[in-house]
């Protein structure tokens, strides 16, 4: 699964996610990627989120919207909200990761599985690509 | 002055510990390319929506990632694609699921968001909508890659109790009385007559890790 979140010069956030699903899946299984609020979410009032991992757990934890709600109602900062939600996924038994971005340009990339490829680029062109581990 | 772009290229696939320097270089190149494309959009005053779509399209067009061209196979030997997009300014959203013929699913998702009154479309209906809106339609075989096809065969073999990797591992138990299931069920992928599927590129040298996508 691939995804991107962005903040533009007008202060607007957006999120996008795309996937081929899971090898050997059957019965028209649909993961979290196309489920708004589970794998993808964006709201200028909170954050933009794109997820990757074991989709069923991300659906059950409504991951992307959960992070936004923690920020919106609980006034949690992005990083804290994202970590709390990915921890919830782990408690359910799922694994994966996510990327998040808020309106101030703060980023977060928590994950609890191997092989999470991530990257970011900031306004000054500073960029980094990370491959764990 | 706060334009920012963040990307991910999957989870649970190959880790640095089991990839060659060439593989790591290839992954980093595409990830950097995706970042630069999206950054270029933002730098020129493009919207965050434009940026995330353009960025994801780069990764969809690469056979390295499980999206678009590099998508994994279903049990039936199909590549079924899902995608979604959301606009933080308006809370508009669009998504597609289970599509097999739209080259860039993320663009299909955006088209659902912007050119329909709906949020999600699935299967043939979503494909018909994408076609009517002028999106690039490809043969399902465009999404075929040998590495992903081999992953499916491995997954099915594992399901049947015969994991190819383990067949070469010493075992403590005596040989079973009946012959082990050494042949996995073969899934057929539609191909053009006379060779490789339409749109077929060189097979990636990459193989999936234990999670099979």
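Protein chains in written order, with our numbering: chain A, 6 to 138; chain B, 13 to 225.
By construction, the Cβ of each residue, glycine as well, lies at the ideal position given by its N, Cα and C atoms.
Small disclaimer: the values here were computed from a predicted structure and weren't measured.
- Taking C-beta atoms as the reference points, residue 10 (chain A) and residue 68 (chain B) fail to come closer than 8 Å.
- Only 21, 22, 23, 24, 25, 26, 27, 28, 29, 30, 31 from the segment 21-32 of chain A bring a Cβ to less than 8 Å from some Cβ of chain B.
- With a threshold of 8 Å between beta carbons, residue 153 (chain B) makes no contact with chain A.
- Uninterrupted beta strand (DSSP E) stretches at least 3 residues long and entirely within the segment 21-103 of chain A occur at 45-47, 52-58, given in chain order.
- DSSP places residue 168 (chain B) in the helix class (H, G or I) of the three-state scheme.
- Residue pairing from DSSP places residue 20 (chain B) in a beta bridge opposite A:8, A:123.
- 57, 58: these are the residues of the segment 56-83 of chain A whose beta carbon lies less than 7 Å from some beta carbon of chain B, given in chain order.
- At a cut-off of 8 Å between beta-carbon atoms, residue 90 (chain A) makes no contact with chain B.
- In the structure shown, residue 131 (chain B) falls within a coil segment according to DSSP collapsed to helix, strand and coil.
- Under the DSSP assignment, residue 63 (chain B) falls in the alpha helix (DSSP H) whose first and last residues are 60-72.
- Membership of residue 135 (chain A) in the beta strand (DSSP E) is indicated by the continuous run 132-136.
- Comparing alpha-carbon positions, the option among B:56, B:165, B:43 lying closest to residue 136 (chain A) turns out to be B:43.
- Among the bridge pairs identified by DSSP, residue 95 (chain B) is matched with A:23, B:108.
- In this structure, residue 63 (chain B) lies away from residue 103 (chain B), with their beta-carbon atoms at least 8 Å apart.
- Residues of chain A whose Cβ lies closer than 8 Å to the Cβ of residue 59 (chain B) are, in chain order, 13, 15, 17, 19.
- Annotation for residue 64 (chain A): 37, 40, 43 place their beta carbon closer than 7 Å to its own, counting only its chain and skipping 5 residues before and after.
- DSSP places residue 37 (chain B) inside the alpha helix (DSSP H), whose first and last residues are 33-55.
- Check the Cα spacing between residue 93 (chain B) and each of B:150, B:167, B:171, B:165: the tightest is with B:150.
- Among the residues facing chain B, residue 131 (chain A) is not included, as its CB has no counterpart in that chain under 8 Å away.
- Here the alpha carbons of residue 166 (chain B) and residue 112 (chain A) stand approximately 37 Å from one another.
- One alpha carbon belongs to residue 81 (chain B), the other to residue 30 (chain A), and they sit about 18 Å apart.
- At the C-beta level, residue 120 (chain B) and residue 138 (chain B) come within 8 Å of one another.
- The residues 107, in chain order, have a CB closer than 6 Å to that of residue 132 (chain B) in the same chain once the five nearest residues on each side in sequence are set aside.
- The beta carbons of residue 26 (chain A) and residue 27 (chain B) sit no closer together than 8 Å.
- Annotation for residue 51 (chain A): 73, 76, 77 place their beta carbon closer than 6 Å to its own, counting only its chain and skipping 5 residues before and after.
- CA-CA distance, residue 98 (chain A) to residue 160 (chain B), rounds to 26 Å.
- Between residue 110 (chain B) and residue 135 (chain B) a beta carbon distance of about 5 Å is seen, short of the 8 Å cut, so the two are scored as contacting.
- Within the segment 102-123 of chain B, the residues whose Cβ lies closer than 7 Å to any Cβ of chain A are, in chain order, 103, 105, 107, 108, 109, 110, 117, 118.
- Separation of the CB atoms of residue 57 (chain A) and residue 102 (chain A) is rounded to 6 Å, and the pair is thereby assigned contact status at 8 Å.
- Contact of residue 43 (chain B) with chain A by beta-carbon distance below 7 Å involves 122, 124, 134.
- Taking 8 Å as the CB threshold, residue 128 (chain B) stays off the interface with chain A.
- Chain A places a beta carbon closer than 8 Å to that of residue 77 (chain B), counting this residue as a contact.
- In chain order, 6, 38 place their CB closer than 6 Å to the CB of residue 24 (chain A), counting only its own chain and leaving out the 5 sequence neighbours on each side.
- Within 7 Å of the CB of residue 39 (chain B), the CB atoms of chain A belong to 122, 136, in sequence order along the chain.
- Its chain contains 107, 121 as the residues whose beta carbon lies nearer than 6 Å to that of residue 96 (chain B), once the 5 sequence neighbours on both sides are disregarded; these appear in chain order.
- For residue 85 (chain B), the nearest beta carbon of chain A is closer than 8 Å to its own beta carbon.
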